[in-house]
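Chains as they are written, first to last, in full-length UniProt numbering: chain V, 1 to 349; chain D, 1 to 318.
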Amino acid sequence: MTTAERAGTAATVDTPVLAVRDLSVSFPTETGTVSAVDAVSLDLAPGEIVGMVGESGCGKSVTAMSIAGLLPGSARVSGSVRLNGTELVGSRESALRRVRGKEIAYIFQEPMTSLNPVLTVGRQIGEVLQIHERMSRRAARARAVELLTLVGIPSAARRVDNYPHQLSGGMRQRVMIAMAVACGPKVLVADEPTTALDVTVQAGILQVLRDLRDRLGTSILIITHDLGVIADIADRVVVMYAGRVVERAPVTDLFAHPYHRYTAGLLSASPTPGRHAGTDRLQEIPGLVPVLSTQPDACTFADRCPAADSRCRDSAPPLEVVGAGTTDHLAACWHPCPSPRSPIEEVNR
Amino acid sequence: MARYLLTRAWQSALTLLLSTIVVFFGVRALPGDPALALAGEDRSPEALEAIRRHYGLDQPLPVQFAQYVERMAQGDFGVSIRTGTPVSSMLTTALPVTVELAVLAILLATALGVGAGVLAAVRRGRPAEWVANGLALIGLSVPHFWLGLLAILYLSVATGLFPASGFVPILENPVDNLHHIVLPAVILGTGLAAIIMRQTRSAMLDSLSSDYVRTAKAKGLRPRAVITQHALRNSLIVVVTVVGLQLGGLISGAVVTEQIFGLPGFGKMTIDAVFQRDYPVIQAVVLLTATAYIVINFFVDLLYSVIDPRIRVTGDPA
Numbered sequence: 001m002t003t004a005e006r007a008g009t010a011a012t013v014d015t016p017v018l019a020v021r022d023l024s025v026s027f028p029t030e031t032g033t034v035s036a037v038d039a040v041s042l043d044l045a046p047g048e049i050v051g052m053v054g055e056s057g058c059g060k061s062v063t064a065m066s067i068a069g070l071l072p073g074s075a076r077v078s079g080s081v082r083l084n085g086t087e088l089v090g091s092r093e094s095a096l097r098r099v100r101g102k103e104i105a106y107i108f109q110e111p112m113t114s115l116n117p118v119l120t121v122g123r124q125i126g127e128v129l130q131i132h133e134r135m136s137r138r139a140a141r142a143r144a145v146e147l148l149t150l151v152g153i154p155s156a157a158r159r160v161d162n163y164p165h166q167l168s169g170g171m172r173q174r175v176m177i178a179m180a181v182a183c184g185p186k187v188l189v190a191d192e193p194t195t196a197l198d199v200t201v202q203a204g205i206l207q208v209l210r211d212l213r214d215r216l217g218t219s220i221l222i223i224t225h226d227l228g229v230i231a232d233i234a235d236r237v238v239v240m241y242a243g244r245v246v247e248r249a250p251v252t253d254l255f256a257h258p259y260h261r262y263t264a265g266l267l268s269a270s271p272t273p274g275r276h277a278g279t280d281r282l283q284e285i286p287g288l289v290p291v292l293s294t295q296p297d298a299c300t301f302a303d304r305c306p307a308a309d310s311r312c313r314d315s316a317p318p319l320e321v322v323g324a325g326t327t328d329h330l331a332a333c334w335h336p337c338p339s340p341r342s343p344i345e346e347v348n349r
Numbered sequence: 001m002a003r004y005l006l007t008r009a010w011q012s013a014l015t016l017l018l019s020t021i022v023v024f025f026g027v028r029a030l031p032g033d034p035a036l037a038l039a040g041e042d043r044s045p046e047a048l049e050a051i052r053r054h055y056g057l058d059q060p061l062p063v064q065f066a067q068y069v070e071r072m073a074q075g076d077f078g079v080s081i082r083t084g085t086p087v088s089s090m091l092t093t094a095l096p097v098t099v100e101l102a103v104l105a106i107l108l109a110t111a112l113g114v115g116a117g118v119l120a121a122v123r124r125g126r127p128a129e130w131v132a133n134g135l136a137l138i139g140l141s142v143p144h145f146w147l148g149l150l151a152i153l154y155l156s157v158a159t160g161l162f163p164a165s166g167f168v169p170i171l172e173n174p175v176d177n178l179h180h181i182v183l184p185a186v187i188l189g190t191g192l193a194a195i196i197m198r199q200t201r202s203a204m205l206d207s208l209s210s211d212y213v214r215t216a217k218a219k220g221l222r223p224r225a226v227i228t229q230h231a232l233r234n235s236l237i238v239v240v241t242v243v244g245l246q247l248g249g250l251i252s253g254a255v256v257t258e259q260i261f262g263l264p265g266f267g268k269m270t271i272d273a274v275f276q277r278d279y280p281v282i283q284a285v286v287l288l289t290a291t292a293y294i295v296i297n298f299f300v301d302l303l304y305s306v307i308d309p310r311i312r313v314t315g316d317p318a
């Protein structure tokens, strides 16, 4: 599938499998309440891969964990997360347990620490099948071998009895994926699935995820700070900054024309062959990510934005449709970039 | 594995030899003379000389040591200077008492310590944790012998719930046997339970905040399964280590506990032997204790690799 086609499928958003509306998460701390996620909304269509991108601490992972209610008890979650129409926010733990691992599955960043070191990988994969599919231990083990084959682990029949430390990083992440897709979940949340891996291994893991989407029709929410991963795999992109969604668009649109100044800055900070060759240097975004608890009623990016004015500091811009001839490119910016050129270069000029 | 066993056997033999030497010369360096203890009223030089000759105590020390090692190698522990009975038959009556006491104490301490440790970790910051921490502090700071005396005072003398002293062999009457040994075992196990509780708690807090526990929760496991199958399994290595390390303390604790509760075990036998300068008995007791320590630590090491597959037993020094 070409990128253009991917963008095309994303445009026809039918009933979403997962619909997140105005999701907010805050944590009480000794110095007051810290807001980690502020009114995040996003949809995940069947078989769609949505990338969520942003800097460390922008609330990506908290958003991901809150989808299946996996945050610690101290977290205050509001808003709505609907899985095929069923509300998950505020539902009972027992109901959420039936969803976790079966309807919504997770893959985490660090496959070494995310797998239990004292249990065989077969046992860890089989465990999901035993609880959700009521399989016997023997049947679950047999299915684990099939799943390991599915995610591309050679001689799976032997590997199934291995412990995590006996596998390479890439294989461990494949085990995590096998575990996640064991019950054929509708939604797969992959939180930085390739960050801890070598670049060559990364490509393999992304290919496995793509295959699973194509074969099983799983919708995938992939969280990363790596725009290369987004460009490689995502149909649509959600850009987060300081707990808020600042831009949402089909992947080709976003890379072709970022409207939000933060997105544009993010793109200028990533190396692109050709563009920065020669004299051009990579652009960094000046300043630091704001402390989340001090979020003012303003654009959170205002302090680092080259185009910010008094309006940006007085009121928070809403997430609105930007650009002509499209309805699914949204940005929350009072002064969206007029042209696909780097906004920082432009202002400096 | 074969190489590991060989290394281990060699180290064990060396340890045993060293402890034999230390104890042999150590007891003889103590002030006091077994001949004097045995002679009783008749302390004429002739009588003392006869006793010394009879037990070979008139020989130079190196000769005595050589004779001792020679007899040991043939499995002969010698004869008690005090009672005249063979040391081996004394051991066969005393050893089961101590083994039962120690095993029961370890079992009780482990069950209590692991249970309370898990509870304290899971209910962190809530009353259950404070209670567990408080009990552990008491268990660690109050000496056995005092706790034992209190138990006798309140649970035996005042209420008659447990016998204050004495012992019934397990083969004779298992119920009576348990009735006699349970209180000493609890007292002996308190310190160990407290240490196990604290170690389990901190290990559990570590594993409960680990990534693999997050994975287990994301799989939809019940909290109970998350705790027992994922978090606890990873914390057990700590428990095994603690039990292994505390074994020495447990043995010396058993000596005191047996004395307080009048149990005819190893500990009581040791104390009597030391007071009477009963050299053959002291030597046999120390050697046996050292052997037990070595054997149990060997099993602890093997257990590590069963619990944690990352620990592989090899003979390689690295």
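All C-beta atoms in this analysis are idealised placements derived from N, C-alpha and C, irrespective of residue type, glycine included.
According to the DSSP secondary-structure assignment, leucine 23(V) is paired through a beta bridge with Val40(V). Setting aside the 5 residues that flank it on each side, alanine 231(V) is surrounded in the same chain by Val251, Phe255, each with a C-beta closer than 7 Å to its C-beta; the list follows chain order. Around serine 305(D), no beta-carbon contact reaches into chain V at under 9 Å, the shortest distance being about 11 Å. Taking CB atoms only, glutamine 229(D) has a neighbour in chain V less than 9 Å away. The criterion of a C-beta distance shorter than 9 Å is satisfied by alanine 178(V) and isoleucine 125(V).
The beta carbon of arginine 52(D) is closer than 8 Å to those of Ala35, Asp58 in its chain, skipping five residues each way along the sequence. Just so you know, the alpha carbons of isoleucine 196(D) and threonine 110(D) end up roughly 7 Å apart. Nearest neighbour of valine 187(V) by Cα position, chosen from Glu48(V), Ser24(V), Ser26(V), turns out to be Glu48(V). The three-state reading of DSSP puts alanine 308(V) in coil, since its state is none of H, G, I, E or B. If you draw a 10 Å sphere on the C-beta of glycine 166(D), you find fewer than 16 other C-beta atoms in it, and that means exposed. For the stretch 173 to 193 of chain D, there are no residues whose beta carbon sits under 7 Å from a beta carbon of chain V. By the Cβ criterion, the stretch 161 to 172 of chain V is not in contact with the stretch 223 to 239 of chain V, since fewer than three pairs of Cβ atoms, one from each stretch, lie closer than 8 Å.
Exclusion of the five residues before and after alanine 144(V) leaves Gly122, Ile125, Gly126, Val160 as the residues of its chain whose Cβ lies within less than 6 Å of its Cβ. Taking 9 Å as the threshold, the shortest C-beta distance from serine 202(D) to chain V does not fall below it.
Secondary structure within the stretch 196 to 227 of chain V: the beta strand (DSSP E) runs of 3 or more consecutive residues, fully enclosed, are 219 to 224 (chain order).
Approximately 7 Å separates the beta-carbon atoms of alanine 218(D) and alanine 68(V); this is inside 8 Å, confirming the contact. Secondary structure remark: continuous alpha helix (DSSP H) runs of at least 4 residues inside the stretch 15 to 59 of chain D, in chain order: 34 to 39, 45 to 54.
Remark: C-beta atoms of glycine 59(V) and valine 37(V) approach each other more closely than 9 Å. Taking C-alpha positions only, serine 155(V) is separated from glutamate 146(V) by approximately 11 Å. The Cβ of threonine 215(D) sits closer than 9 Å to at least one Cβ of chain V.
Straight across, the Cα-Cα distance linking alanine 308(V) with proline 336(V) is about 10 Å. Close to valine 34(V), with beta-carbon spacing below 9 Å, lies no residue of chain D; the smallest spacing is near 19 Å.
Per DSSP, the unbroken alpha helix (DSSP H) holding valine 186(D) starts and ends at 174 to 208.
The C-beta of leucine 108(D) comes no closer than 9 Å to any C-beta of chain V. Residue pairing of glycine 51(V) in beta bridges, as defined by DSSP: Ile222(V), Val237(V). Between the alpha carbons of proline 286(V) and alanine 264(V) lies a distance of about 13 Å. When C-alpha distances from valine 239(D) are compared across Leu303(D), Arg310(D), Thr215(D), Lys268(D), the shortest belongs to Leu303(D). Residues of the stretch 122 to 133 of chain V with a C-beta less than 7 Å from any C-beta of chain D: Glu127, Val128, Ile131, His132, listed in chain order. Within the DSSP bridge table, the entry for arginine 248(V) names Val238(V), Leu330(V) as partners. Annotated as distal: alanine 193(D) and leucine 250(D), with beta-carbon spacing of 9 Å or more.
Its Cα nearest to that of leucine 232(D), the residue Ser210(D) stands out among Ser252(D), Ser210(D), Leu153(D).
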